[in-house]
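Participant: Line by line, the protein sequences give chains A and B.
Here the working numbering is used: the first residue of the first sequence is 112, the next is one more, and so on.
Here the working numbering is used: the first residue of the second sequence is -17, the next is one more, and so on.
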Amino acid sequence: MTALKALLRRPTGVFGVAVVVGLVVFSLVSLVWTPFDPTATNPDQGWLLPFSGGHLLGTDRLGHDQFSQLLAGAREALLTAVLAMVIAAVVGIALALAATVTPRWIGATVVQLIDILIAFPVLLLAMILAAVYGGSTTTAVVAIGIGFGVNVARVARGEINAVRGTDYVLAAQACGANTGRIIRKHLLPNIAPTLIVQLSLTMALAVLAEAALTYLGYGTNPNTPSWGGMLAEQQAYLSARPLLVIWPGLAVVLTVLGLNLLGDALRVATDPRLRDAR
Amino acid sequence: MSLLEITDLTVLFGQKLVVDGVSFALGQGERLGMIGESGSGKSLTALAAIGLLPEEASVTGSVKLDGHELLGESDRALAKIRGERIAMVFQEPLTALNPLMRIGKQLAEPLRLHRGLSSKAARAMAIELANRVGLPDPDRIVRAYPHQLSGGQRQRVGIAIALACEPLVLIADEPTTALDVTVQAEILALLRDLVDQQGASLLFITHDLAVLASVVSRLVVLAEGKLVEETDIAALGHGEHDPHTSALVRAARAAAFPELGGTDA
Chain A
112 MTALKALLRR PTGVFGVAVV VGLVVFSLVS LVWTPFDPTA TNPDQGWLLP
162 FSGGHLLGTD RLGHDQFSQL LAGAREALLT AVLAMVIAAV VGIALALAAT
212 VTPRWIGATV VQLIDILIAF PVLLLAMILA AVYGGSTTTA VVAIGIGFGV
262 NVARVARGEI NAVRGTDYVL AAQACGANTG RIIRKHLLPN IAPTLIVQLS
312 LTMALAVLAE AALTYLGYGT NPNTPSWGGM LAEQQAYLSA RPLLVIWPGL
362 AVVLTVLGLN LLGDALRVAT DPRLRDAR
Chain B
-17 MSLLEITDLT VLFGQKLVVD GVSFALGQGE RLGMIGESGS GKSLTALAAI
33 GLLPEEASVT GSVKLDGHEL LGESDRALAK IRGERIAMVF QEPLTALNPL
83 MRIGKQLAEP LRLHRGLSSK AARAMAIELA NRVGLPDPDR IVRAYPHQLS
133 GGQRQRVGIA IALACEPLVL IADEPTTALD VTVQAEILAL LRDLVDQQGA
183 SLLFITHDLA VLASVVSRLV VLAEGKLVEE TDIAALGHGE HDPHTSALVR
233 AARAAAFPEL GGTDA
């Protein structure tokens, strides 16, 4: 059975794939078409209810079409999730390898570095970077990627150490595999299931963190439509127009949930021992 | 001249002496047994011989393979020798194979490493190797994952991997301890046949004298990190022996004839 088949046999896998596909489709569609210009303000058309004036989800105080903003915001969320995940993966794997397969004194130093960085809250790191380089999606993504990358490093380090102590790594060394080959053929594939879960969690947390940073004013520029920006804009009118925070909130929750479930389903689907078990 | 010559081998973990001045030699085409209780330093001696002791161990003495000193060699140089000139079969066939790698890939790994085989040639060789160790349905088995094989089949794979490059010396570290008794005999016979066919020398490590007797004619006995006796199997039944050796003989008799209660009958 292939990994893809195994993935789509699980309801959680199907849901996760659907969320990711939905996110990609929304993002692509928003590049070429949205019902209204998501950034156009039109105070005459403000506070419209859903299904009025051609606005599927209504408009906010400034007349922004909420559905268009939601579509365009998917772009921002997807970009954040993927880029932060890639940065976290690179940072995490590099640090984990530097802490394990190098001579002991280098490894010990790297472990301490990881411990120090882990004590540093991701959002605080992002705010400091934003203060220095100016708030933008890029700064937010880099900060989120590095911040969560350190967490990935700690998990990956433990996993690598466990795999390094196994008989099959010893056996591979006994038949002449060098360190590079051990890393590529044995260490990385065998920590991949754990890494996939960690990285999908990182994607979900990145979406959440980006929304939070934007909400706090340190993330995406307010003129660029994003779910966090929508929440920040709408929260002042929460009691008057509760529906307006529901849509971006729901989008964040669904995305985070979908990415988490996808990661869990992927872990099972990529391990031949687990996917054969019913 | 002997092929594998270990002289005054000493292994220390911190202050703890785990192998204490062990010396023995393994001749060309010879099958030598190494026996001792768990913790006697057998496995560590074997790992030292192939240069795979953990980083924190400090090793002194000499390990010569075909006249070439291995102790103190660089990792790079050792990687070229391992699998090609000296190879090892491990105790636990359940854990000695990468669970995420198909059997065929693992079978051909030493050949790809040392002979630079293309992936296509490697696939053909994997089937050939599976055939050589008597695995059923080799075409299917090379595509299987380790968990789909039985313990005995997995140990056959381990033997095929170790012997793929036709090494001069094969070290077998308790290769049958984890297997059923019926499977044990098959694996021992296979090991014996293949080693003879290839003209390799075998260092067979075990704690079970009964197993040893069917494979080797000469053995060394280890206890508490020291080599306490070197003897022929045939001489075990009579004459003066080290107390550790006598204890092993009694244990083997007790296992074979429980009604004798392990006395020197």
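Idealized CB from N, CA, C, for every residue including glycine.
Treat the numbers as computed from the prediction; the structure is a model and nothing was measured.
Under the rule that 16 or more other beta-carbon atoms within 10 Å means buried, what is K296 (chain A), buried or exposed?
Facilitator: In the first sequence, counting from the first residue as 1, residue 296 (chain A) sits at position 185. Label assigned to K296 (chain A): buried.
Participant: Taking 6 Å as the limit between beta carbons, can you name the residues of its chain near L191 (chain B), skipping five residues before and five after?
Facilitator: As a first step, residue 191 (chain B) must be located in the second sequence, where it is residue number 209. Excluding residues within five positions, the ones whose Cβ falls inside 6 Å are L230 and A234.
Participant: Quick one: grab the DSSP three-state call for L47 (chain B).
Facilitator: By one-based count along the second sequence, residue 47 (chain B) stands at place 65. Three-state DSSP puts L47 (chain B) in a strand.
Participant: Okay, do the segment 200 to 215 of chain B and the segment 32 to 44 of chain B touch, 3+ Cβ pairs below 8 Å being the bar?
Facilitator: Fewer than three Cβ pairs drawn from the segment 200 to 215 of chain B and the segment 32 to 44 of chain B lie within less than 8 Å of each other, which leaves the two stretches out of contact.
Participant: For V203 (chain B), which three-state DSSP category applies?
Facilitator: Here the question's residue 203 (chain B) lines up with position 221 in the second sequence. For V203 (chain B), the three-state secondary structure derived from DSSP is strand.
Participant: For D278 (chain A), go through chain B and note every residue whose CB falls closer than 7 Å to its CB, in chain order.
Facilitator: As a working note, residue 278 (chain A) is residue 167 in the first sequence. Here the neighbours are F72, E74, T77 and A78.
Participant: Out of curiosity, what's the CA-to-CA distance linking V274 (chain A) and G291 (chain A)?
Facilitator: As a working note, residue 274 (chain A) is residue 163 in the first sequence. As a working note, residue 291 (chain A) is residue 180 in the first sequence. When rounded, the distance between both Cα atoms is 15 Å.
Participant: Would you mind listing the alpha helix (DSSP H) stretches within the segment 20 to 90 of chain B that are 4+ residues and don't spill past its ends, in chain order?
Facilitator: 24 to 31 and 57 to 63
Participant: Leaving out five residues before and five after P81 (chain B) in sequence, what residues of the same chain have Cβ atoms less than 8 Å from its Cβ?
Facilitator: What you label residue 81 (chain B) is simply residue 99 of the second sequence in a count that begins at 1. Y127, P128 and H129, listed in sequence order.
Participant: Under a Cβ-count criterion, where at least 16 other Cβ atoms within 10 Å of its own Cβ denotes burial, should D175 (chain B) be classed as buried or exposed?
Facilitator: Here residue 175 (chain B) refers to the residue found at position 193 when the second sequence is read from its first residue. So D175 (chain B) counts as exposed.
Participant: Three-state secondary structure (DSSP) at F259 (chain A)?
Facilitator: Locating residue 259 (chain A) in the first sequence gives position 148, counting from the first residue. Here F259 (chain A) sits in helix by DSSP.
Participant: Distance check for A195 (chain B) and G134 (chain B), CA to CA, integer angstroms please.
Facilitator: Stepping through the second sequence from its first residue, residue 134 (chain B) is reached at position 152. Stepping through the second sequence from its first residue, residue 195 (chain B) is reached at position 213. Rounded to whole angstroms, G134 (chain B) to A195 (chain B) spans 20 Å at the Cα level.
Participant: For the beta strand (DSSP E) that D155 (chain B) lies in, which residues bound it at each end?
Facilitator: Residue mapping note: residue 155 (chain B) aligns to position 173 of the second sequence, counting from 1. Element bounds for D155 (chain B): V151 to D155.
Participant: Could you spell out where the beta strand (DSSP E) holding L168 (chain A) opens and where it closes?
Facilitator: For the purposes of this step, residue 168 (chain A) is taken as the residue at position 57 of the first sequence. Segment: none, L168 (chain A) is in no beta strand (DSSP E) and carries neither H nor E.
Participant: Using CA coordinates, which residue listed in A:A264, A:F231 and A:T211 is at the minimum distance from L306 (chain A)?
Facilitator: In the first sequence, residue 306 (chain A) corresponds to position 195, counting from 1. Distances from the CA of L306 (chain A) to each of A:A264, A:F231 and A:T211 were compared; the closest alpha carbon is that of A:A264.
Participant: Using a Cβ-Cβ cut-off of 6 Å (strictly less than) and excluding sequence neighbours within five positions of L372 (chain A), which residues of its own chain qualify?
Facilitator: On the first sequence, residue 372 (chain A) is found 261 positions in, with the first residue counted as 1. Within the same chain, L372 (chain A) has close Cβ partners T123, F126 and G127.
Participant: Which same chain residues, not among the five before or five after P120 (chain B), have their C-beta less than 7 Å away from its C-beta?
Facilitator: Walking along the second sequence from the start, residue 120 (chain B) turns up at place 138. The residues are I109, A112 and N113.
Participant: By the 9 Å beta-carbon criterion, what residues does the segment 117 to 137 of chain B contribute toward chain A?
Facilitator: Y127, P128, H129 and Q130
Participant: Are the C-beta atoms of H96 (chain B) and some chain A residue less than 7 Å apart?
Facilitator: For the purposes of this step, residue 96 (chain B) is taken as the residue at position 114 of the second sequence. For H96 (chain B), the answer is yes, since a Cβ of chain A falls inside 7 Å of its Cβ.
Participant: Alpha carbon to alpha carbon, how far is S183 (chain B) from R168 (chain B)? Give it in angstroms, no decimals.
Facilitator: For the purposes of this step, residue 168 (chain B) is identified with residue 186 of the second sequence, where counting begins at 1. For the purposes of this step, residue 183 (chain B) is identified with residue 201 of the second sequence, where counting begins at 1. Note that residue 168 (chain B) corresponds to Glu in the displayed sequence, not to Arg. About 20 Å.
Participant: Is the CB-CB distance between A282 (chain A) and A69 (chain B) below 7 Å?
Facilitator: Mapped onto the first sequence, residue 282 (chain A) falls at position 171. Mapped onto the second sequence, residue 69 (chain B) falls at position 87. For A282 (chain A) and A69 (chain B), no; Cβs fall outside 7 Å.
Participant: Relative to the alpha-carbon of L173 (chain A), which residue among A:A242, A:R121 and A:P149 has its alpha-carbon at the smallest distance?
Facilitator: Here the question's residue 173 (chain A) lines up with position 62 in the first sequence. Measuring from the Cα of L173 (chain A), the nearest candidate turns out to be A:P149.
Participant: For a test of the three-state rule: what should DSSP assign to V308 (chain A), helix, strand or coil?
Facilitator: Within the first sequence, residue 308 (chain A) is the residue found at index 197, counting from 1. Helix, per DSSP.
Participant: Going along the chain, which unbroken runs of the alpha helix (DSSP H) with 4 or more residues stay wholly within the segment 307 to 381 of chain A?
Facilitator: 338 to 345 and 354 to 381
Participant: Using C-beta distances below 8 Å, list every residue in its chain close to V252 (chain A), excluding the 5 sequence neighbours before and after it, in chain order.
Facilitator: Locating residue 252 (chain A) in the first sequence gives position 141, counting from the first residue. Scanning its chain for C-beta atoms nearer than 8 Å, with the 5 sequence neighbours on each side dropped, one finds around V252 (chain A) the residues L190, T191, L194, A195, I198, A317 and E321, in chain order.
Participant: Hey, which unbroken runs of the alpha helix (DSSP H) at 4 residues or more fall wholly within the segment 186 to 237 of chain B?
Facilitator: 191 to 195
Participant: According to DSSP, what are the bridge partners of V(-7) (chain B)?
Facilitator: What you label residue -7 (chain B) is simply residue 11 of the second sequence in a count that begins at 1. Note: V(-7) (chain B) sits in a beta bridge opposite B:V1 and B:V41.
Participant: May I ask you to report which of helix, strand or coil DSSP gives F231 (chain A)?
Facilitator: By 1-based counting over the first sequence, the position of residue 231 (chain A) is 120. F231 (chain A) falls in the coil class under three-state DSSP.
Participant: Rounding to the nearest angstrom, what Cα-Cα distance links L235 (chain A) and A200 (chain A) in this structure?
Facilitator: Residue 235 (chain A) sits at position 124 when you count from the first residue of the first sequence. Residue 200 (chain A) sits at position 89 when you count from the first residue of the first sequence. So the alpha carbons of these two residues sit roughly 21 Å apart.
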